[in-house]
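Novice: I have a structure I would like to understand better, so I am pasting it below and will then ask my questions one at a time.
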Amino acid sequence: MDTRTATAELGWISFPANGWEEVSGYDENLNTIRTYQVCNVFEPSQNNWLLTTYVDRRAAQRIYVEIRFTVRDCASIPSVLGSCKETFNLYYLETDRSMSDGIKGVEYWANAPFLKVDTIAADESFSQVDFGGRLMKVNTEVRSFGPLSKGRGFYLAFQDLGACMSLLAVRVFYKKCPSVVQNFAFFPETLTGAESTSLVIARGSCIQNAEEVDVPIKLYCNGDGEWMVPIGSCSCKSGYEPDNGNVCRACPQGTFKSSQGAGVCQQCPLNSRSTIEAATLCGCRNGYYRGDMDKPEDMCTSVPSAPRNLVSVVNQTSVLLEWHTPRDTGHREDLSYNILCRRCHSNERRACQPCDDSVLFLPGKRALKDNTVEISKLRAHTSYTFDIQAVNGVSNKSPYPAQQLSINITTNQAAPSVVPIMHQVSSTSRSFSLSWPPPEQPNGIILDYEIRYYDKVRQCLLFYYWKLDIGLNEYKSELGQQLSLIAGSLVGGVCIVSIVAIAIICSRYLTRTHSLTHSPGVKIYIDPYTYEDPNEAVHEFAKEIESSCVKIEEVIGSGEFGEVYKGRLKPLGKKEILVAIKTLKVGYSERQRRDFLAEASIMGQFDQPNIIRLEGVVTKSRPTMIITEFMENGALDSFLRQNDGQFPVIQLVGMLRGIASGMRYLAEMSYVHRDLAARNILVNSNLVCKVSDFGLSRYLEDEDTSDPTYTSSLGGKIPVRWTAPEAIAYRKFTSASDVWSYGIVTWEVMSYGERPYWDMSNQDVINAIEQDFRLPAPMDCPVVLHQLMLDCWQKDRNARPKFHDIVSMLDKMIRNPASLKAGTNNIGLGPPHHPLLDRGAPDLSRVSSVEDWLTALKMSQYRDSFLLSGFNSLPLVTQITAEDLQRIGVLLAGHQKKILTSVQSMRPNADDQSPTESV
Numbered sequence: 060m061d062t063r064t065a066t067a068e069l070g071w072i073s074f075p076a077n078g079w080e081e082v083s084g085y086d087e088n089l090n091t092i093r094t095y096q097v098c099n100v101f102e103p104s105q106n107n108w109l110l111t112t113y114v115d116r117r118a119a120q121r122i123y124v125e126i127r128f129t130v131r132d133c134a135s136i137p138s139v140l141g142s143c144k145e146t147f148n149l150y151y152l153e154t155d156r157s158m159s160d161g162i163k164g165v166e167y168w169a170n171a172p173f174l175k176v177d178t179i180a181a182d183e184s185f186s187q188v189d190f191g192g193r194l195m196k197v198n199t200e201v202r203s204f205g206p207l208s209k210g211r212g213f214y215l216a217f218q219d220l221g222a223c224m225s226l227l228a229v230r231v232f233y234k235k236c237p238s239v240v241q242n243f244a245f246f247p248e249t250l251t252g253a254e255s256t257s258l259v260i261a262r263g264s265c266i267q268n269a270e271e272v273d274v275p276i277k278l279y280c281n282g283d284g285e286w287m288v289p290i291g292s293c294s295c296k297s298g299y300e301p302d303n304g305n306v307c308r309a310c311p312q313g314t315f316k317s318s319q320g321a322g323v324c325q326q327c328p329l330n331s332r333s334t335i336e337a338a339t340l341c342g343c344r345n346g347y348y349r350g351d352m353d354k355p356e357d358m359c360t361s362v363p364s365a366p367r368n369l370v371s372v373v374n375q376t377s378v379l380l381e382w383h384t385p386r387d388t389g390h391r392e393d394l395s396y397n398i399l400c401r402r403c404h405s406n407e408r409r410a411c412q413p414c415d416d417s418v419l420f421l422p423g424k425r426a427l428k429d430n431t432v433e434i435s436k437l438r439a440h441t442s443y444t445f446d447i448q449a450v451n452g453v454s455n456k457s458p459y460p461a462q463q464l465s466i467n468i469t470t471n472q473a474a475p476s477v478v479p480i481m482h483q484v485s486s487t488s489r490s491f492s493l494s495w496p497p498p499e500q501p502n503g504i505i506l507d508y509e510i511r512y513y514d515k516v517r518q519c520l521l522f523y524y525w526k527l528d529i530g531l532n533e534y535k536s537e538l539g540q541q542l543s544l545i546a547g548s549l550v551g552g553v554c555i556v557s558i559v560a561i562a563i564i565c566s567r568y569l570t571r572t573h574s575l576t577h578s579p580g581v582k583i584y585i586d587p588y589t590y591e592d593p594n595e596a597v598h599e600f601a602k603e604i605e606s607s608c609v610k611i612e613e614v615i616g617s618g619e620f621g622e623v624y625k626g627r628l629k630p631l632g633k634k635e636i637l638v639a640i641k642t643l644k645v646g647y648s649e650r651q652r653r654d655f656l657a658e659a660s661i662m663g664q665f666d667q668p669n670i671i672r673l674e675g676v677v678t679k680s681r682p683t684m685i686i687t688e689f690m691e692n693g694a695l696d697s698f699l700r701q702n703d704g705q706f707p708v709i710q711l712v713g714m715l716r717g718i719a720s721g722m723r724y725l726a727e728m729s730y731v732h733r734d735l736a737a738r739n740i741l742v743n744s745n746l747v748c749k750v751s752d753f754g755l756s757r758y759l760e761d762e763d764t765s766d767p768t769y770t771s772s773l774g775g776k777i778p779v780r781w782t783a784p785e786a787i788a789y790r791k792f793t794s795a796s797d798v799w800s801y802g803i804v805t806w807e808v809m810s811y812g813e814r815p816y817w818d819m820s821n822q823d824v825i826n827a828i829e830q831d832f833r834l835p836a837p838m839d840c841p842v843v844l845h846q847l848m849l850d851c852w853q854k855d856r857n858a859r860p861k862f863h864d865i866v867s868m869l870d871k872m873i874r875n876p877a878s879l880k881a882g883t884n885n886i887g888l889g890p891p892h893h894p895l896l897d898r899g900a901p902d903l904s905r906v907s908s909v910e911d912w913l914t915a916l917k918m919s920q921y922r923d924s925f926l927l928s929g930f931n932s933l934p935l936v937t938q939i940t941a942e943d944l945q946r947i948g949v950l951l952a953g954h955q956k957k958i959l960t961s962v963q964s965m966r967p968n969a970d971d972q973s974p975t976e977s978v
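When you line the sequence shown up against this note's numbering, it's residues 60 to 978, in that order.
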């Protein structure tokens with residue numbers, strides 16, 4: 060609906076008949092408009108209603124109404140009654156159908172089921188002026204209401220209770236994020252959510268000729284109709300290049316693009332071409348080829364020509380061949396050679412056959428890189444033909460045989476091969492007869508045979524051990540060398556085994572029984588999982604307590620292994636103290652018992668005021684128990700949420716200083732926590748914060764945990780919102796990754812326990828961090844503290860501060876409280892950061908009603924209290940005081956401070972004094 064340009068009758072329903080009146084008029088630019096006027100200020104008890112035509116909401120959940128109107132100043136009307144008003148009320152009614160005129164009687168209006176949006180007051184009213192004219196002062200007010208879900212549309216109703224005014228124009232609209240192409244993905248037009256702070260997820264789809272890179276592809280539409288935090292992306296397919304960031308254009312003829320991504324089309328390489336658009340590869344021209352391992356951007360190449368200048372040197376039954384490189388290598392660097400060998404019975408090539416497998420080629424006969432080869436074990440007095448082929452990476456692509464160079468040679472005389480076997484034919488006491496077959500390769504005419512014999516009695520050892528054709532002196536010499544080698548090996552083996560055994564014993568002794576140190580006086584953490592028996596570790600680091608000294612009182616929670624109780628510990632001869640008692644549930648496995656006791660073995664090694672103190676363990680009776688000091692205020696995150704806004708900034712910094720001190724101690728002991736978060740910080744009655752929960756290692760190994768905080772990553776469970784990116788991606792946990800987590804804890808503390816990254820999914824958090832998104836400063840957070848967070852969130856872990864640096868920074872802030880005022884940065888921690896998404900202090904420039912203002916401040920629970928107390932417009936709200944807040948029912952000091960700070964910023968001439976100081 061938009062009546063700003065309407066010239067015909069609007070046809071709205073008014074009640075009673077002498078109330079609102081539709082007339083033609085002029086706006087401030089003298090354009091003709093249709094208006095509704097009412098001015099019954101001389102008559103008492105006015106209740107005039109004006110009902111618009113039916114408005115289809117088009118699936119919108121939150122509706123905005125822009126009203127342009129003028130109001131007469133009651134003081135400028137002579138003889139006016141005391142009931143004169145300068146305000147009017149706006150209502151709405153959800154319904155599925157339009158209503159007929161017949162039901163608009165007195166009864167209907169007396170019981171009309173309208174829902175009130177707001178009481179609207181004029182910022183400026185007009186009065187009588189000189190020369191008989193009037194000065195038109197047009198007011199423009201915007202209000203919103205929702206969520207709408209009960210009907211297809213709605214009516215608007217205006218109620219006048221005695222004003223002299225004109226409705227100049229009414230515009231009804233909703234907000235939406237327009238359709239957009241971003242990161243080569245199309246996102247459709249998306250309506251905003253039911254609340255001004257809602258985030259609506261819009262799923263994207265790749266534009267034409269683009270494909271997904273990261274999934275899911277989505278954007279968030281905020282309450283102002285703006286897109287933010289892109290997740291996932293698309294990129295142009297192979298064969299297409301980006302054009303102005305929104306179109307994937309086909310590669311023209313003569314170009315190609317071989318892979319998906321942001322690259323552009325390239326000219327076809329040498330000796331190739333593309334005759335179509337969107338080519339992913341350029342085809343090679345005739346006679347040119349692309350090898351199996353060649354890249355699409357490599358030029359097409361050809362086969363080599365034949366080798367040159369082949370020469371041979373024959374030595375009895377061996378031959379040495381050498382040749383020169385071909386004149387044309389085909390423009391490739393992977394040239395090699397193959398040797399083909401044929402044995403010929405005559406000079407005709409048809410009488411040749413492949414050489415026997417016994418022929419030996421050195422260094423080989425396939426894929427030779429050198430220009431020489433030695434061939435041996437040929438037959439004597441035999442003709443051979445050798446072909447030298449030149450090949451490269453595309454020779455297998457050519458339909459033609461490889462180019463080659465041939466040579467014919469004939470071998471010379473050579474010694475025959477050995478006699479394969481000898482047989483004894485007969486023997487006497489003084490003689491014997493032997494027989495044997497001729498050698499397989501006589502290599503010419505056999506002239507004679509040489510026979511050697513040995514005295515068996517004298518040489519028996521020779522045949523038994525070696526069966527070598529050697530004399531006695533040689534045998535003795537070689538046997539002596541062998542015995543020396545064997546003896547030396549045995550002695551060396553004994554030495555090596557002894558050294559290894561000594562090293563293992565020393566390693567275990569140093570690991571388990573000594574407190575190693577980086578430097579004098581600094582203990583090093585010892586991993587209890589290095590002990591074969593968990594009892595050995597827990598008894599070394601934790602004190603055993605008699606179960607009779609422990610009194611269980613009430614359940615205060617549950618852990619992974621069993622219930623957590625509040626109780627009392629009464630050691631013999633000592634004062635009774637409150638304690639927390641963790642128990643191991645019945646039916647535990649041996650692994651569960653080991654993990655349960657490991658946490659005690661870890662805690663027992665720490666002794667620092669900001670680390671939870673282990674009192675002892677009960678392992679010799681059932682149930683098995685871990686007993687720690689009792690922290691009255693429980694976990695830090697829930698404690699802060701219960702006390703939202705009740706602590707001064709310097710007290711919050713004191714809490715953060717305690718946490719940093721505890722983490723400094725752990726870092727000096729070379730212990731990495733891995734799960735530093737506000738939920739794992741405990742608070743005692745003196746508001747001292749202590750680091751606890753040293754059992755994340757079990758989450759990293761155990762896939763059965765159902766805690767949604769811990770998300771599976773690379774085979775383990777990770778608390779994504781608190782974990783450094785290198786720890787998520789590569790499981791690289793260090794003190795630097797604990798520093799990242801400390802930055803998140805700082806954000807939790809300053810936002811009073813708000814969930815990091817709000818309702819974004821864990822995968823969206825990972826993607827946003829990769830895109831350099833960082834959490835914005837919480838409301839009223841000093842710049843120096845937010846800068847400390849940003850330093851902790853450096854992508855390069857080596858650039859993050861160390862815990863001892865953080866303690867020094869916080870000490871400096873505490874000594875200089877002026878640095879902790881919002882908006883100041885005077886202790887030298889660097890410039891403020893500009894994040895992708897600002898969800899810190901609310902943007903009050905867009906607030907148009909008391910309800911919107913309270914929602915922006917996250918104080919919507921006080922909406923009815925404000926309206927019932929008469930603070931139903933923003934001008935009235937700007938005059939509110941601390942006493943008014945007490946009367947309204949805003950009793951928490953933190954909530955009073957937040958509201959008064961906002962009121963101060965809304966006043967047109969706000970002074971420099973902070974509202975909390977005036978209170």
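Idealized CB from N, CA, C, for every residue including glycine.
Treat the numbers as computed from the prediction; the structure is a model and nothing was measured.
1. Could you compute how far the alpha carbon of I335 sits from the alpha carbon of C310?
2. Return the residue from the list P630, L628 and A639 that minimises the CA-CA distance to G990.
3. Measuring alpha carbon to alpha carbon, tell me which residue in E392, Y396, D393 and F445 is nearest V418.
4. To the nearest angstrom, how far is the alpha carbon of V742 from that of S751?
5. Around the Cβ of H732, are there at least 16 other Cβ atoms within 10 angstroms (buried) or fewer (exposed)?
6. Taking the runs of the beta strand (DSSP E) that are 3 residues or longer, which of them lie wholly in the region 441-525?
7. Is R716 helix, strand or coil by DSSP?
8. Considering G802, what are the terminal residues of the alpha helix (DSSP H) in which it resides?
9. Specify, as a first and last residue, the run of the alpha helix (DSSP H) that F706 falls within.
10. So, with DSSP's three-state summary, where would you put S919?
11. Determine, using beta-carbon pairs with one atom in the region 672-690 and one in the region 641-651, whether at least three such pairs fall under 8 Å.
12. Could you name the residues of the same chain whose beta carbon sits closer than 6 Å to that of P206, not counting the 5 residues immediately before and after it, in chain order?
13. Quick check on M287: does DSSP put it in helix, strand or coil?
14. Going by beta carbon distance, what residues of the same chain come within less than 6 Å of H845, once the five residues before and after it are set aside?
15. Taking all protein chains shown into account, do 16 or more other C-beta atoms lie within 10 angstroms of the C-beta of K633, making it buried, or fewer, making it exposed?
16. Does the distance from the C-beta atom of S333 to that of G350 stay below 8 Å?
17. Within the continuous alpha helix (DSSP H) that includes S660, where are the two ends?
18. Excluding sequence positions up to five away, which residues of its chain have a Cβ less than 7 Å from the Cβ of C343?
19. Using 10 angstroms around the beta-carbon of Y508, count the other beta-carbons present and answer buried if the total reaches 16, otherwise exposed.
20. Which first and last residues belong to the alpha helix (DSSP H) in which P934 is found?
21. How many angstroms separate the CA atom of V712 from the CA atom of R874?
22. With DSSP collapsed to three states, give me the class of R382.
23. Helix, strand or coil for A726, going by three-state DSSP, please let me know.
24. From this set, L849, L89 and Q462, which residue's C-alpha is nearest W799's C-alpha?
25. Roughly how many angstroms lie between the CA atoms of R401 and A426, to the nearest whole one?
26. Could you tell me the distance, in whole angstroms, from the CA atom of K209 to the CA atom of G282?
27. Below 6 Å CB to CB, which residues in the same chain sit around H383 once its five sequence neighbours on both sides are set aside?
28. Determine the DSSP secondary structure at E270, reduced to helix, strand or coil.
29. According to the neighbour-count rule (16 or more other Cβ atoms, all chains shown, within 10 Å of its Cβ), is S485 buried or exposed?
30. Any idea what DSSP makes of S787, helix, strand or coil?
31. Taking the alpha carbon of Y299 as the point to measure from, which residue in P289, N305, Y279 and C324 has its own alpha carbon closest?
32. Is it right to say Y347 is buried, meaning 16 or more other beta carbons lie within 10 angstroms of its own, or is it exposed?
33. Out of A181, A461 and I661, which has the shortest C-alpha to C-alpha gap to P587?
34. Run the CB neighbour count on P860, radius 10 Å, all protein chains shown included, and call it buried at 16 or more, exposed below.
35. What are the uninterrupted segments assigned as beta strand (DSSP E) that are 3 or more residues long and contained completely in the region 167-244, given in chain order?
36. Pull the bridge partners of C343 from the DSSP assignment, please.
Specialist: The short version:
1. Looking at the two C-alpha atoms, the distance is approximately 9 Å.
2. The first residue shown for the chain is 60 and the last is 978, placing residue 990 beyond what the model contains.
3. Of the candidates E392, Y396, D393 and F445, the one whose C-alpha sits nearest the C-alpha of V418 is F445.
4. Between V742 and S751, the C-alpha separation is close to 10 Å.
5. Buried: at least 16 other Cβ atoms inside 10 Å.
6. Secondary structure within the region 441-525: the beta strand (DSSP E) runs of 3 or more consecutive residues, fully enclosed, are 442-450, 463-469, 482-486 and 491-494 (chain order).
7. In the structure shown, R716 sits in a helix (DSSP, three-state: H, G or I).
8. Start and end: S794 to M809.
9. The continuous stretches of alpha helix (DSSP H) do not include F706, and DSSP gives it neither H nor E.
10. Secondary structure of S919 (DSSP, three-state): helix.
11. With the cut-off at 8 Å, the region 672-690 and the region 641-651 touch.
12. Residues Q120 and A253 of the same chain have their beta carbon placed closer than 6 Å to that of P206, with the five preceding and five following residues left out of the count.
13. Strand at M287.
14. Closer than 6 Å at Cβ, skipping near neighbours: A836.
15. Within a 10 Å sphere around the beta-carbon of K633 sit fewer than 16 other beta-carbons, which makes this residue exposed.
16. In this structure, G350 does not lie closer than 8 Å to S333 by Cβ.
17. Its alpha helix (DSSP H) spans residues E649 to M662.
18. Correct list, in chain order: N330, S331, R349 and C359.
19. Exposed: under 16 other Cβ atoms inside 10 Å.
20. First-last of the alpha helix (DSSP H) with P934: L933 to V936.
21. Put simply, the backbone Cα of V712 is about 11 Å away from that of R874.
22. One point to set straight first is that residue 382 is Trp, not Arg, in the sequence displayed. In the three-state reduction of the DSSP assignment, W382 falls in the strand class, which pools E and B.
23. Three-state DSSP puts A726 in a helix.
24. With distances taken between Cα atoms, W799 lies closest to L849.
25. Their Cα atoms are separated by approximately 18 Å.
26. Spanning the two alpha carbons is a distance of roughly 21 Å.
27. The residues are R367 and N368.
28. Correct three-state label for E270: strand.
29. Around the beta-carbon of S485, fewer than 16 other beta-carbon atoms lie within 10 Å, marking it exposed.
30. Residue identity check: residue 787 is Ile in the sequence provided, not Ser. The answer is helix: DSSP assigns I787 an H, G or I state.
31. Residue C324 is the option with its Cα nearest to Y299.
32. The residue in question, Y347, is buried, as its Cβ has 16 or more Cβ neighbours within 10 Å.
33. Checking every option, the nearest Cα to that of P587 belongs to I661.
34. So P860 counts as buried.
35. If you keep only unbroken beta strand (DSSP E) runs of at least 3 residues inside the region 167-244, you get 174-180, 198-204, 212-219, 223-232 and 239-241.
36. S331.
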